[in-house]
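Quick notes on the structure that follows.
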Amino acid sequence: MANHEPGNLRRGPWHDEEDERLTTTVGALGEKHWDALAKQSGLRRSGKSCRLRWMNYLRPNLKHGEITLEEEHTILDLHKQWGNKWSRIAKRLPGRTDNEIKNYWRSHLKKKADSQQECFKGMKEDLNQDFLTPKRDRSCEHAGESSTNDKEGIFGISSLETSESCNMNAFGSSSPYESRMSDLISSCCWQGDEIKHHEDCMGTFPCFCEVGSSSEESQTHGVLDLWSPIWEMG
DNA sequence: AATAGAGCCAACCGCCACTAA
DNA sequence: GTTAGTGGCGGTTGGCTCTAT
Numbered sequence: 012m013a014n015h016e017p018g019n020l021r022r023g024p025w026h027d028e029e030d031e032r033l034t035t036t037v038g039a040l041g042e043k044h045w046d047a048l049a050k051q052s053g054l055r056r057s058g059k060s061c062r063l064r065w066m067n068y069l070r071p072n073l074k075h076g077e078i079t080l081e082e083e084h085t086i087l088d089l090h091k092q093w094g095n096k097w098s099r100i101a102k103r104l105p106g107r108t109d110n111e112i113k114n115y116w117r118s119h120l121k122k123k124a125d126s127q128q129e130c131f132k133g134m135k136e137d138l139n140q141d142f143l144t145p146k147r148d149r150s151c152e153h154a155g156e157s158s159t160n161d162k163e164g165i166f167g168i169s170s171l172e173t174s175e176s177c178n179m180n181a182f183g184s185s186s187p188y189e190s191r192m193s194d195l196i197s198s199c200c201w202q203g204d205e206i207k208h209h210e211d212c213m214g215t216f217p218c219f220c221e222v223g224s225s226s227e228e229s230q231t232h233g234v235l236d237l238w239s240p241i242w243e244m245g
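For the first sequence, my numbering assigns the number 12 to the initial residue and increments by one for each residue that follows.
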């Protein structure tokens, strides 16, 4: 199989001259046939090691700076959808490598995601206590049609979709429901996030306005992600 | 100032899928 | 159909840096 190499291969951190030599060789031969490339370069490195070094650090157009807030949201969104498919996630973040994203997730986001999940879990319990009340009095015409699931338990409405179609102002500007949701969101949003409302939502909750970054993807997923932990904990 | 513990990240390892012979 | 070679992916590790005591 591959990599049953002689024992004199170098390991450990790469030196500048090794980087230069690898860059030159890849420039001449292209990003393929890594074992042959490693031999031809004269580097005492395995093809696998050369490929990794190239892909993660030497490739043109790689970003080496800090992960931005927008990128962070994207990583969280996509990780939620796809799990640990780091290479797939990396394809959606130009200039970032799977290794970089994986490390960032483990060192920065995992705890964040876990604590957010815990936060929502606690909030959901509180909300169930607060709002397990008759729902037919709610102004929304969808309210109270069949009170069989947790989404209704919280909102008195039958689904995310129907709630979206309702006018949330029907709950009243000072409803306990609204203020509770406001507390929930402000306590669960990450530091640096801001909630931006559309003109017609009047800043009531729940609305489907943008949370956090201004990217198109976040606009699509941001709020749904904010709510989904509640749905999923049913 | 010394030291222990935590955090971070580059690099390695093992497995798997794909391809060619 | 089988086997060997290769590349890609995700998990893990080792060592360096930072922070708290």
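Cβ atoms here follow ideal geometry from the backbone N, Cα and C, with glycine treated the same way.
- Message: Can you give me the C-alpha to C-alpha distance between Q51 and K91, rounded to a whole angstrom?
- Response: The alpha-carbon atoms of Q51 and K91 are separated by roughly 42 angstroms.
- Meets three-Cβ-pair contact criterion under 8 angstroms: the region 93-110 and the region 69-83: Under the three-pair Cβ rule at 8 angstroms, the region 93-110 counts as touching the region 69-83.
- Opening and closing residue of the alpha helix (DSSP H) in which H26 lies: First-last for H26: undefined, no H or E at that position.
- Message: Out of M66, K113 and S118, which one is the CA nearest neighbour of V37?
- Response: Among M66, K113 and S118, the Cα nearest to that of V37 belongs to M66.
- Item | Whole-number beta carbon distance between W97 and D109, since they are thought to touch under 8 angstroms | By a beta-carbon distance limit of 8 angstroms, D109 contacts W97. Their separation comes to about 4 angstroms.
- What first and last residue would you give for the alpha helix (DSSP H) that runs through S52? Element bounds for S52: W45 to S52.
- Close Cβ partners of G53 (< 8 angstroms) along its chain, the five nearest in sequence each way excluded: The residues are R32.
- Going by the CB atoms, is the gap between L120 and E83 shorter than 8 angstroms? Yes. Within cutoff.
- Message: If the criterion is Cβ atoms closer than 8 angstroms, does the pair L69 and G58 meet it?
- Response: Their beta carbons are not under 8 angstroms apart, which means L69 does not touch G58 by this criterion.
- Message: Could you check whether R21 and R64 sit closer than 8 angstroms to each other, using their CB atoms as the reference points?
- Response: Contact: no.
- Task: Determine the closest residue to K43 out of E29, R62, D30 and H26, with distance taken between C-alpha atoms.
- Result: Nearest to K43 by C-alpha distance, out of E29, R62, D30 and H26, is R62.
- Message: Rounded to whole angstroms, what is the Cα-Cα separation between E78 and R99?
- Response: At residue 78 the sequence reads Ile, which differs from the Glu that was named. Inter-residue distance for I78 and R99 is about 17 angstroms (C-alpha atoms, whole angstroms).
- Cβ shell of I86 (< 8 angstroms), same chain only, five flanking positions each side left out: Excluding sequence neighbours, I86 sits near I78, I100, L104, I112, Y115, W116 and L120.
- Among L40, G41 and S60, nearest to E29 - alpha-carbon criterion: When the alpha-carbon of E29 is set against those of L40, G41 and S60, the nearest one is in S60.
- Message: Just verifying my parser: in three-state terms, what is the DSSP assignment at I100?
- Response: I100: helix per DSSP, three-state reduction.
- Query: Excluding five sequence neighbours on each side, which residues of the same chain lie with their C-beta closer than 7 angstroms to the C-beta of T34?
  - Reply: Only L69 meet the Cβ criterion.
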